[in-house]
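K.L.:
Handing you this structure, nothing more for now.
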Amino acid sequence: RGYNTPVFAALGAALSIILVLLCVGKSNSPVKLILIGMGMTGIFSALTMMIIYGAKHEAQVRSAMFWLLGSFAGLQWGDLPLTAIIVTLF
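The sequence shown begins at 3 in the working numbering and counts up by one.
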């Protein structure tokens, strides 16, 4: 099994955190942080849906939606160490 999906998911999460912090700048306003975070959530959700909409096969769409809903059904014990490291970091 490859580790592409969890690794790229972690990289995407890190990228979104960096973008939010760059947009907030040196401001200490929690309201600004929350509003920018909500805006970024909308942008990334729309981007994700556009990518899923462009899938060529129904099985790809089903697999992506199943993964987005947070299922651990396809995981094996060998996937646990990497998943634990990523969860611990974030």
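We put the beta carbon where it would ideally sit given N, CA and C, even for glycine.
Can you tell me whether A75 is helix, strand or coil according to DSSP?
P.N.:
coil
K.L.:
Answer with buried or exposed for I53, where buried requires no fewer than 16 other C-beta atoms within 10 angstroms of its C-beta.
P.N.:
exposed
K.L.:
Classify I38: buried if its beta carbon has 16 or more other beta carbons within 10 angstroms, exposed otherwise.
P.N.:
buried
K.L.:
Can you tell me where the alpha helix (DSSP H) holding A16 begins and where it ends?
P.N.:
6 to 26
K.L.:
In chain order, what residues of the same chain have a beta carbon less than 6 Å from the beta carbon of A57, not counting five sequence neighbours either side?
P.N.:
V63
K.L.:
Please identify the residue among N30, I45, V33, S31 whose C-alpha is closest to the C-alpha of L21.
P.N.:
I45
K.L.:
Mind listing, in chain order, the continuous alpha helix (DSSP H) runs of no fewer than 4 residues lying wholly within the stretch 40 to 71?
P.N.:
60 to 70
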